[in-house]
Amino acid sequence: MRLLPLDANPVPVEESVRISPVTLERVTTRQRMRRFLQVQYTQRAFFKALGDPRFVSRTPGEVLSSLDALRASGPDDVPATEILHFAIPGRSPAR
67 MRLLPLDANP VPVEESVRIS PVTLERVTTR QRMRRFLQVQ YTQRAFFKAL
117 GDPRFVSRTP GEVLSSLDAL RASGPDDVPA TEILHFAIPG RSPAR
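The opening position of the sequence shown corresponds to residue 67 in the numbering used here, with each subsequent residue numbered one higher.
Structure representation (structure tokens):
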């Protein structure tokens, strides 16, 4: 799995924020989202970050304005799947 650079334009995302021990409030924040690329031999598949509200195509990895634009881009094109990325630190070299 390859991480692509963070997108330049922030996207509005709705989040739940705890304001007291029993109360949550929905707040809209702007976040820069990331796309991911999986390469297997000659096939490429794009993914989007978990919670990304944008419409991303799976094959070319383009960010589109709507689901209709995604369907119009090609008959075989489907929306990208969301993935949860977490870093697993590698072993440091022996000294």
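Heads up, the beta-carbon is just placed ideally off N, CA and C, and yes, glycines get one too.
Straight-line Cα distance separating residue j from residue i
i: P76; j: S131; result: 15 Å
i: G140; j: R100; result: 23 Å
i: T42; j: L70; result: With the chain covering only 67 through 161, there is no way to say anything about residue 42.
i: F113; j: F152; result: 14 Å
i: R120; j: R157; result: 35 Å
Neighbourhood of residue i by C-beta, 7 Å cutoff - its chain only, sequence neighbours within 5 removed
i: Q97; result: P76, V77 and V79
Sequence-distant residues of the same chain with beta carbon closer than 8 Å to residue i, five excluded per side
i: R68; result: F102, L103, Q104 and V105
i: D73; result: R98, M99, R100, R101 and V129
Check whether residue i and residue j have beta carbons under 9 Å apart
i: T125; j: R110; result: yes
i: P145; j: S123; result: yes
i: R115; j: I85; result: Rather than Arg, the amino acid found at residue 115 in this sequence is Ala. No.
Cβ of residue i within 9 Å of any chain B Cβ
i: P141; result: The structure shown has no chain B; it contains just one protein chain.
Beta-carbon proximity list for residue i, same chain, < 6 Å, skipping 5 on both sides
i: D118; result: M99
Exercise for the section: Kindly confirm or deny that the region 134-142 and the region 83-90 touch, where touching means at least three C-beta pairs closer than 8 Å. Expected result: Verdict: no, contact absent.
Problem - Uninterrupted alpha helix (DSSP H) stretches inside the region 89-142 (no shorter than 4 residues) - result: Qualifying alpha helix (DSSP H) stretches, in chain order: 133-139.
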